[in-house]
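Student: In the order they appear, the protein sequences are chains A and P. Take the position in the first sequence, starting the count at 1, then add 448; the result is the number in the working numbering. Take the position in the second sequence, starting the count at 1, then add 15; the result is the number in the working numbering.
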Amino acid sequence: MSTATTDQATGRYARSMTALLRGTLRLDVWINRVYPTDFNPLYYTGGLSNLFLLTLVLSGIFLFFYYEASLGSAFASIQYLTERVPYGGVIRGVHRYAADGFIVGILLHLFRNWFTDRYLFARDNPWISGMFLLLFAGFVGVTGYQLVWDERAQLLTTLVVAMLYSIPAAGQGLVHLLLGGVGVSDTTLVRLLYLHIGPASALYVFLWWHYLRLRHPKIWPPGVWTLFCVGLVFLLAGVIPVTQDAIPPSAPAARPTQFPMDVFFMLPFWLMNILPAGGVVALLVLLFVGGLAIPYLSRRETPAQMEVRHAGVAQVVDGNCTGCELCYYDCPYNAIVMVPSPGPGLTKAAANRTLLAVVIESRCVECGICIGACPFEALELPKLMERDVLNQVNLAMQT
Amino acid sequence: MRFAYFAAVGFLSALSLAFAAGILYGEGTDHWYLVGTMVGALLLAYSFIVLVLRKMGLVGPRKAER
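Quick look at the structure:
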């Protein structure tokens, strides 16, 4: 009975994922009618996130020069930067809107790769690192709002402390670590500054991890989208200045109970209206752990169910390999390495080779790209030999 | 269609010129947020010019790579 229920659930999940895949591909086709395919923004969601991250870093460096991390000066230094420093308010706005753009880019990238199955098998590595990128981006965003040290920051800090306290065993220590004592002090602001810049720098470490197994990652959007996105954040920074919220500075006597929302970073705090702090922490942990587990729990269909022949790991035909490196450059999964050739090949083209291609089996996803890349018939998928494919094509042509 | 593309490039270029003039005006009168807005609008206009040029086939990948 339970097996039948599980099968039904799996079937429903598979059907809904297939529907999402079709929807995503339909959206691709629709956008390709408007934009040339090499300009389709959905193909560059990762690159767009990268662009927003660079914008954040550059604008953040500018803001850092003027920021003073102490209870008495934090708000005043930001006010000075916004009102007195030429273009300070605009750069602050750029920092704020680029942060929103970064989260939007990451979420689009995440959903697109999820719906198009680009998280399975060898692609679990970028998926896992991507989840950490999202987690750290959210954390950096929250600490960014705290650094302003206005009434919103004061209330946010209270809510963060409540969330940390709800963590069993470690809560007390984490609160002490965040505040730098039993209560909010100048040390808290210094720690918040480091908790903003440190994890922001760590984003680049996660990016390195993200790209580790990708041969040709599209790390930058085309010029048209670079101009558009940078233009958009400048336009928003000019038209909707960050000062429009007009939140008063934090004061010990102030007891703020609400603040203007930023849906991209403050949703967990909004949830505290309907859930206890511990419930929100549990939900965030569940979402993160669930996200990490997706590549391992949600294998949609087996290759047989997908009607794709299981072709076997690519194998190098030693005698034919010329060491030309074409397969090495074309493999998107870094599954081929070039090693010094132990001896000459058997064919005329391979007689003077100095290198030999070797397939790393654990990385090969049996996609067959290397077969297409090799002009010397030196690679084969053992269960889908080139001659079999040619025979099938000939047969199809005859019928 | 080609005339429409040329017209679009011409219109966007004229608009860009107006935005550039807005930047100069904002800089001269210390309206920093206006300058930010104009820089953003100028970059957006440039992005649409690049898009139209790409649609016309004047920029982008070579024919053999399309």
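Just so you know, even glycine gets a beta-carbon here, dropped at the ideal spot from N, CA and C. The structure displayed is predicted, hence computed values, not measured ones.
Using a cut-off of 9 Å between C-beta atoms, extract the partners of Asp-836/A located in chain P.
Tutor: Near Asp-836/A there are no residues of chain P at all, since even the closest Cβ is about 31 Å away, more than 9 Å.
Student: Just how far apart, CA to CA, sit Trp-718/A and Asn-488/A?
Tutor: Approximately 34 Å, taken between the alpha carbons.
Student: Kindly indicate the opening and closing residues of the alpha helix (DSSP H) around Pro-925/A.
Tutor: Residue 925/A falls outside the range modelled here, since chain A spans only 449 to 847, and no answer is possible.
Student: Tell me whether the segment 719-738 of chain A and the segment 548-566 of chain A touch, counting them as touching only if at least three CB pairs, one residue from each stretch, are closer than 8 Å.
Tutor: The segment 719-738 of chain A is not in contact with the segment 548-566 of chain A.
Student: Ignore the nearest five residues each way along the sequence and tell me which others in Leu-582/A's own chain have a CB closer than 6 Å to its CB.
Tutor: Contacts found: Ile-554.
Student: Please list, in chain order, all residues of the same chain as Gly-72/P whose beta carbon is under 7 Å from its beta carbon, the five residues on each side excluded.
Tutor: So no residue of the chain qualifies.
Student: Measuring straight from C-alpha to C-alpha, what distance separates Tyr-483/A and Phe-26/P?
Tutor: Whole-angstrom Cα-Cα distance: 20 Å.
Student: Counting Cβ pairs, one atom from each stretch, are 3 or more of them under 8 Å apart for the segment 574-590 of chain A and the segment 672-685 of chain A?
Tutor: No contact exists between the segment 574-590 of chain A and the segment 672-685 of chain A.
Student: Given that Val-689/A touches chain P, what residues does it touch there, using C-beta distances under 7 Å?
Tutor: Here the sequence assigns Pro to residue 689/A, which means Val is not the residue at that position. By Cβ distance, chain P contributes Tyr-48.
Student: Under a CB-based cut-off of 7 Å, is Gly-686/A close to chain P?
Tutor: Chain P, which has a Cβ nearer than 7 Å to the Cβ of Gly-686/A, makes this yes.
Student: Are the Cβ atoms of Val-590/A and Phe-736/A separated by less than 7 Å?
Tutor: Not closer than 7 Å, so no.
Student: Among Pro-823/A, Ala-799/A, Leu-625/A, Leu-827/A, whose alpha-carbon lies nearest the alpha-carbon of Cys-812/A?
Tutor: Among Pro-823/A, Ala-799/A, Leu-625/A, Leu-827/A, the Cα nearest to that of Cys-812/A is on Leu-827/A.
Student: Return the residue from the list Pro-700/A, Gly-820/A, Ala-610/A, Arg-540/A that minimises the CA-CA distance to Asn-721/A.
Tutor: When each option's Cα is compared against that of Asn-721/A, the closest is Ala-610/A.
Student: In whole angstroms, what is the alpha-carbon distance linking Thr-503/A and Val-538/A?
Tutor: Cα to Cα, Thr-503/A sits roughly 13 Å from Val-538/A.
Student: Please look up how many angstroms separate the CB atoms of Leu-57/P and Ala-35/P, rounded, as I've assumed it's under 8 Å.
Tutor: At roughly 6 Å, the Cβ-Cβ gap stays under 8 Å, so Leu-57/P and Ala-35/P are in contact.
Student: Might you give, ordered along the chain, the residues of its own chain that have their beta carbon closer than 6 Å to the beta carbon of Gly-43/P, omitting 5 neighbours on each side?
Tutor: Taken in chain order, the list of residues that qualify is empty.
Student: Output, in chain order, the set of chain A residues within a Cβ distance shorter than 7 Å of Thr-52/P.
Tutor: Correct list: Leu-683, Gly-686, Val-687.
Student: How many Å lie between Ser-464/A and Pro-689/A at the Cα?
Tutor: Near 41 Å, if we compare the C-alpha coordinates of Pro-689/A and Ser-464/A.
Student: Pull up the distance between the alpha-carbon of Thr-847/A and that of Met-833/A, whole angstroms please.
Tutor: Approximately 21 Å between the Cα atoms of the pair.
Student: So the beta strand (DSSP E) Leu-803/A belongs to, where does it begin and stop?
Tutor: Start and end: 803-807.
Student: So within the segment 762-788 of chain A, which uninterrupted beta strand (DSSP E) runs reach at least 3 residues, ignoring any that extend past its ends?
Tutor: The qualifying runs are 784-788.
Student: With a CB to CB cut of under 6 Å and the five nearest residues on each side skipped, what residues in its chain are close to Val-785/A?
Tutor: Val-806.
Student: Alpha carbons only, please: which of Leu-49/P, His-46/P, Ile-64/P, Val-74/P is nearest the one belonging to Leu-675/A?
Tutor: For the residues Leu-49/P, His-46/P, Ile-64/P, Val-74/P, the minimum Cα distance to Leu-675/A belongs to Ile-64/P.
Student: In the DSSP assignment, what residue or residues form a beta bridge with Leu-827/A?
Tutor: Answer by DSSP bridge pairing, in chain order: Val-764/A.
Student: Please report the straight-line C-alpha distance between Leu-627/A and Asp-710/A, rounded to a whole angstrom.
Tutor: Roughly 24 Å separates the two Cα atoms.
Student: Going by Cα to Cα distance, which pick from Ala-701/A, Ala-517/A, Gly-621/A, Asn-561/A is closest to Gly-592/A?
Tutor: Closest option to Gly-592/A, Cα to Cα, is Ala-517/A.
Student: Along the chain, where does the alpha helix (DSSP H) that runs through His-658/A open and close?
Tutor: That run of the alpha helix (DSSP H) goes 634-659.
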